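Trainee:
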Amino acid sequence: MVPLAHILALSVILFGLGAAGFVFRRNIITIFMCIELMLNAVNLAFIGFSRYLGNLDGQIFAFFVIVVAAAEAAVGLAIIIAVYRNRGSLSIDDFDSMKL
Amino acid sequence: MATGSNMPLLLLAILAKVGVVLLVLLTTIAYAVWLERKVVARIQSRWGPYLVGPHGLLQPVADALKIFFKEDIVPTEVDRVVYCLAPFLAFSLALLSISVIPFGESVTIGGATIHFQITDLNVGLLFVFAVTSLGVYGVALAGWSSNSKYSLLGGLRSSAQMISYELSLGLGVVGVVMLAGSLSLREIVEHQSGLWNVFVQPVGFLIYFTAAVAETNRVPFDLPEGESELVGGFHTEYSSFKFAMFFMAEYANIVTVSCLATLLFFGGWLGPVFGPPLLRALLPVFWFCLKVFCFLFLYIWIRGTLPRFRYDQLMAFGWKFLLPLGLLNVLVTSLVLAWRST
Amino acid sequence: MAPLFYIFAVLAILAALSVVLQRTPVYSALSLIVVLCSLAVVYLLLGAEFLAVIQVIIYAGAIMVLFVLVIMLLNARQETPSDRSRLARWLGAPLLLVFLGELLFAVWERFPAATTRAAALPDAGPRAVGALLFRSYVLPFEVTSILILVAVLGAVVLAKKRL
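Protein chains in written order, with the working numbering: chain A, 65 to 164; chain B, 309 to 650; chain C, 43 to 205.
1. What does I105 (chain C) touch in chain A if you count any residue whose Cβ is under 8 Å from its own?
2. Does the distance from the CB of G463 (chain B) to the CB of N637 (chain B) come in under 8 Å?
3. Grouping DSSP H, G and I as helix and E and B as strand, with all else coil, what is G412 (chain B)?
4. Is it buried or exposed for T311 (chain B), if we count other Cβ within 10 angstroms and need 16 for buried?
5. Between which two residues does the alpha helix (DSSP H) harbouring G451 (chain B) extend?
6. Name the residue from B:Y473, B:R648, B:I375 whose alpha carbon lies nearest to the alpha carbon of M553 (chain B).
7. Please name the residues in the stretch 86-118 of chain A whose beta-carbon is closer than 8 Å to at least one beta-carbon of chain C, in chain order.
8. Measure the C-alpha to C-alpha separation of T570 (chain B) and K599 (chain B) and round it to an integer number of angstroms.
9. Starting from A589 (chain B) and walking both ways along the alpha helix (DSSP H), at which residues does that stretch end?
10. Quick one: grab the DSSP three-state call for S642 (chain B).
11. For E344 (chain B) and F79 (chain A), what's the separation of their Cα atoms in angstroms?
12. Between which two residues does the alpha helix (DSSP H) harbouring A402 (chain B) extend?
13. Could you tell me which residues DSSP pairs with S155 (chain A) in its beta bridges?
14. For the candidate residues B:Y458, B:N430, B:A394, whose alpha-carbon lies nearest to that of G443 (chain B)?
15. Can you tell me the Cβ-Cβ gap for V506 (chain B) and F574 (chain B), rounded? I've got them flagged as a contact below 8 Å.
16. Along the alpha helix (DSSP H) that carries G462 (chain B), what are the first and last residues, could you check?
17. Please report whether the beta-carbon of N430 (chain B) lies at a distance below 8 Å from any beta-carbon of chain C.
18. L359 (chain B) lies in the alpha helix (DSSP H); which residues open and close that run?
19. Would a C-beta distance cut-off of 8 Å place P357 (chain B) and A338 (chain B) closer than the cut-off?
20. Do you know offhand how far W132 (chain C)'s Cα is from G140 (chain A)'s?
21. Excluding the 5 residues preceding and the 5 following A524 (chain B) in the sequence, name in chain order all residues of the same chain whose CB lies nearer than 7 Å to its CB.
22. CB-CB under 7 Å to M309 (chain B), same chain, minus the five flanking residues each way: which ones, in chain order?
23. Does the structure place the stretch 191-202 of chain C close enough to the stretch 511-520 of chain B that three or more beta carbon pairs sit under 8 Å?
24. Taking Cβ-Cβ distances shorter than 9 Å, what residues in chain C pair up with S441 (chain B)?
25. If we call anything under 8 Å between Cβ atoms a contact, is L72 (chain A) one with F153 (chain C)?
26. Report the three-state DSSP secondary structure of F542 (chain B) (helix, strand or coil).
27. Just to confirm my understanding: we take L578 (chain B), look at its own chain, exclude 5 residues before and 5 after, and list those with CB closer than 8 Å. What are they?
28. State yes or no: is the beta carbon of M309 (chain B) nearer than 8 Å to at least one beta carbon in chain C?
29. Decide if R115 (chain A) is buried, meaning its Cβ has at least 16 other Cβ atoms within 10 Å, or exposed.
30. Tell me which residues of the stretch 55-79 of chain C have at least one Cβ-Cβ distance to chain A shorter than 7 Å, keeping chain order.
31. So, at 7 Å on beta carbons, what are the nonlocal neighbours of S407 (chain B) in its own chain, with the 5 sequence-adjacent residues on each side left out?
32. Can you tell me which of the three DSSP states F153 (chain C) falls into?
Here it is, written out as structure tokens:
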């Protein structure tokens, strides 16, 4: 059996990598993908806990996270397309004024 | 699985099963191509392949040899890694979904039970959908990495088409799942022992089949290729073996989709069973193959008969007709089920 | 089962590294798909069959396709590194390492490998998950459906040039 600590460690590492990408990358799509990576790390923790506590509630939480991530991706990518149309760039260095 | 706790033997049995299924699948793919050429030729008053072997039966072998010995061209401006990855992705994903398809009832010979299925998942149906939904990548990445406008347009079109019709594909099946109360393909088939689902869920079947044709990029929904407007669509820049992989992936998908249609709506391996034990064991497999063959024939028939849709028609049909119809079907089915259970 | 977990854990970490380090968005997206699929296998090993399949269908099969489509549409090639985030680099990296170390330490402290044992494997088939979802979690479920509706409308309004 895999100890819970190892599952959580994997989750923490993935979350950390996602956070690092979020801070260091300049391309807005890559940044968005790093957010998805962090969400997945959280999901893994949920499922690990659900397995070790022996109830399914954690899986339901993970399910909701996936559903919300889908909604978030749709809106987020639409925003990216709208911004790209106005700025002609995907680098977040170019998105520094408050209006489009 | 076999009832012993003999681990190596078990592994060997699984490997043998995988080998047999793959062999049969690949042969089916090769001869589906031959069948398509023959039937379409008949529909168009031609002869089709008839030079290699009797009735051109060795044509698939000749095709395979030709494709193997052709030069494999990689254009200079392509994104090499993705360009080489895409056909493998498409092909392996197309083969993967056959692993949960049950071909017949389990039989017991000499104390060992043999399942005509590589593995029985209790989410088997969802597994097939998961693999199909990944199939988009092969096409999309091929289109993007080729660095050519025709390929890109074909790739974009087909990704949009496959995502759109995946919804209808799923919705068409929900009714069947609700009736059987299970996502395991084996249980869904066993539930149909009284009446085939196609008589209970005719609308669901029509939605499923239409969406399946679109999902496999076949005529009349073959816009991703669209020779007359896009040269060759997403595989314009592919040649030789890589092209063959896309080609085989398409036929593997057709076989999978036909298998699924048989299992979900036409009672899978169910059919009259009689005779000595050996015949009893093999007849279900025969019925299953016969039904799948009928679907393959139907596919070819449709290809030989219908003209291609326009792209906007295709999208409008998927989103404005098929999807609402699917939702309505789910609603009516659940209402009837709820009414019956009270 | 345990060796499989470690194989796929390492695969997930390597692919996640690749998500962060690749300069071309398409490669990042492909690596992320590898992460998602290996996590699906991990879920499967943890007995969450339904969620594993959902992860592949929705995350890998729908969300990431959307990402790949947008990358293709906007023709996002290599990103150019910039100097504007020097502060982030010099301050962010150590802070991130500290944060990670703290988290790992907390995990190790709170759940030592020897004492945590798995509870009885819950039946995580579609039936069990569905029953829980539609009995105890009906309200959140309905709320998410409204959220999705709003998201669909929002996406259409944002992405369309003229309504």
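For each residue, glycine too, the CB sits at the ideal point set by N, CA and C.
Here the structure is a predicted model, which means the values were calculated and not measured.
Mentor: In short:
1. E100, A133, A134, A137
2. no
3. strand
4. Confidence is the limiting factor: at T311 (chain B) the pLDDT is only 45, short of 50, which leaves the residue's position unreliable, though a coordinate-based value still follows. Exposed: under 16 other Cβ atoms inside 10 Å.
5. 432-453
6. B:I375
7. V87, F88, R89, R90, N91, I93, T94, F96, M97, C98, E100, L101, N104, N107, L108, I111, G112, S114, R115, Y116, L117, G118
8. 6 Å
9. 585-613
10. helix
11. 51 Å
12. 388-404
13. A:N91
14. B:A394
15. 6 Å
16. 457-488
17. yes
18. Per DSSP, L359 (chain B) belongs to no alpha helix (DSSP H) and is neither H nor E.
19. no
20. 29 Å
21. Reading the sequence as shown, one finds Thr at residue 524 (chain B) and not Ala. Excluding positions up to five away in sequence, the list reads E558, N561, I562, V565.
22. Reliability of the predicted coordinates at M309 (chain B) is poor, the pLDDT of 39 falling under 50, and no value is obtained from them.
23. no
24. V98, I99, I100, A102, G103, A104, V107
25. yes
26. helix
27. V497, Q500, S501, W504, P592, W595
28. With a pLDDT of 39 at M309 (chain B), under the threshold of 50, the predicted position of this residue should be treated as unreliable, though the coordinate-derived value follows. So, not an interface residue.
29. buried
30. I55, A58, L59, V61, V62, P67, S70, A71, L74, V77, L78
31. I426, T427
32. coil
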